[in-house]
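Numbered by numbering that gives the first Met the number 0, the letters in the sequence shown go through residues 0 to 335 in order.
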Amino acid sequence: MARRDRTTGLPRPHAAERPLQARPRLRLSEGVVRLGILGSAVALLLIVIGVFAWQWYREHVAMPRATVLTVGDRKVTLGYFTDRLPQFMVANGNTDVGIAVQGLLGKIEEEELTILLARELGLEPTQQDVTQSIAESLGVSVGGKGSAFDRLYRQELRITGFSDGTYRRVAAARLANERLLDHYQEEVGTEGELLTLRVVAVADEAKANELKSRIEAGEDMGSIAQRESTDQASRQQDGLLDPQPLALLPDPVRQALTVATPGTLVGPLAVNDAFWVVRLERRERGSYTETQRRDLAQQRLDRALTELKSRTLVRRDLSSAETDWALRHADFPSGS
0 MARRDRTTGL
10 PRPHAAERPL
20 QARPRLRLSE
30 GVVRLGILGS
40 AVALLLIVIG
50 VFAWQWYREH
60 VAMPRATVLT
70 VGDRKVTLGY
80 FTDRLPQFMV
90 ANGNTDVGIA
100 VQGLLGKIEE
110 EELTILLARE
120 LGLEPTQQDV
130 TQSIAESLGV
140 SVGGKGSAFD
150 RLYRQELRIT
160 GFSDGTYRRV
170 AAARLANERL
180 LDHYQEEVGT
190 EGELLTLRVV
200 AVADEAKANE
210 LKSRIEAGED
220 MGSIAQREST
230 DQASRQQDGL
240 LDPQPLALLP
250 DPVRQALTVA
260 TPGTLVGPLA
270 VNDAFWVVRL
280 ERRERGSYTE
290 TQRRDLAQQR
300 LDRALTELKS
310 RTLVRRDLSS
320 AETDWALRHA
330 DFPSGS
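Written out as structure tokens, the structure is:
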């Protein structure tokens, strides 16, 4: 019996399994908590410092270096534009900021084109040329620290509110313009065709037509000019104007007399706020005055700049935020 019990296939009873006990939760020590709080505080502090650092960098470095105008390979920064703004607004009596901003951009654009044109013609000023030009404008010789040049130049910077770089850039554009005018004045020469006109100017077109009819009927034009013309300068000379190159005449007159022969009577022509009746008295070769040479040279320079602009990349990138920055940082003279 005992043997059978040992060999029976019945499963033997097992001891009851003990339930697994829950593992104890890990508790963070106070030191770890403090380190976490300290780390978070440091991270927040670094973020705050980063934000202030970026704002300072943007305000004092990134913004003044931002390009607001591109003319060919020349870049104009917001800092340079801001330096120029106060003097430009005061000189032009601008009270409208939008008009002043666009006007200054246009002026700087023309200056940069002038530099590029001078470069094309081999007339671009060097840094030494600019320094010499500044010295001449101050009425002294170029000198170092403590010299009359140094003293007067520093005084000029205070008066204009310009930095040294801004002042020199403006001086370079001015010198380039002078050289270009001299260049085109040489092209113009000293002699050319001059037209002598007799003019009667009145305010009313109907009156001008009436006077033209009287002249065509044989009445003396000089006498009519003395009595009727509103142009005070010419009426004292029986309506005669000083001889002028065709290119310097008012556009309507120039177009009417381009191929006219002496004795041709034209009009009424709208010139400024008057109506002109014009007779071509003489058309002959003569000597230009210095003023006429300069005006003819300026016309050629204007045409050259227009042509250069047509084949040059010109881009304005001044945003409203940059305009606000310029106004905040512009150093306006007291009382302006």
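All residues carry an ideal CB built from backbone N, CA and C; glycine is no exception. Computed from a prediction, not measured in an experiment: that's the story for all the values here.
- In this model, P244 and L194 are separated by some 6 Å (Cα to Cα).
- Contact between D203 and F274 holds: CB atoms are separated by about 7 Å, below the 8 Å threshold.
- Residue burial is scored here from C-beta neighbours: E215 has fewer than 16 other C-beta atoms within 10 angstroms and is therefore classed as exposed.
- Buried is the label assigned to P242, since at least 16 other Cβ atoms lie within 10 Å of its Cβ.
- With respect to G238, G217 sits apart: the two C-beta atoms are not nearer than 7 Å.
- Its chain contains A325, H328, A329 as the residues whose beta carbon lies nearer than 6 Å to that of T81, once the 5 sequence neighbours on both sides are disregarded; these appear in chain order.
- With contacts defined as CB atoms closer than 7 Å, V277 and V258 fail to qualify as a contacting pair.
- If you draw a 10 Å sphere on the C-beta of I107, you find 16 or more other C-beta atoms in it, and that means buried.
- V100 has no beta-bridge partner at all, per DSSP.
- Minimum Cα-Cα distance from D181 among the listed residues A40, Q298, R314, S309 corresponds to Q298.
- Looking at the DSSP output, S286 sits in a beta bridge with E190.
- The beta carbon of V141 sits closer than 7 Å to the beta carbons of T130, Q131, A134, F148 from its chain, once the five residues preceding and following it are set aside; these are given in chain order.
- Judged by DSSP in its simplified three-state form, K74 adopts strand.
- Collapsing the DSSP output to three states places L240 in coil.
- Sequence-distant Cβ neighbours of A65 in its own chain, meaning closer than 7 Å and more than five residues away, are T76, L77, E321.
- Between Y79 and T189, the C-beta spacing is not below 7 Å.
- Counting only residues of its own chain and dropping the five nearest sequence neighbours on each side, Q184 has a CB closer than 6 Å to the CB of R292, A296.
- For P267, the enclosing beta strand (DSSP E) stretches over residues 264–270.
- Rounded to the nearest whole angstrom, the C-alpha separation of G121 and S233 is 43 Å.
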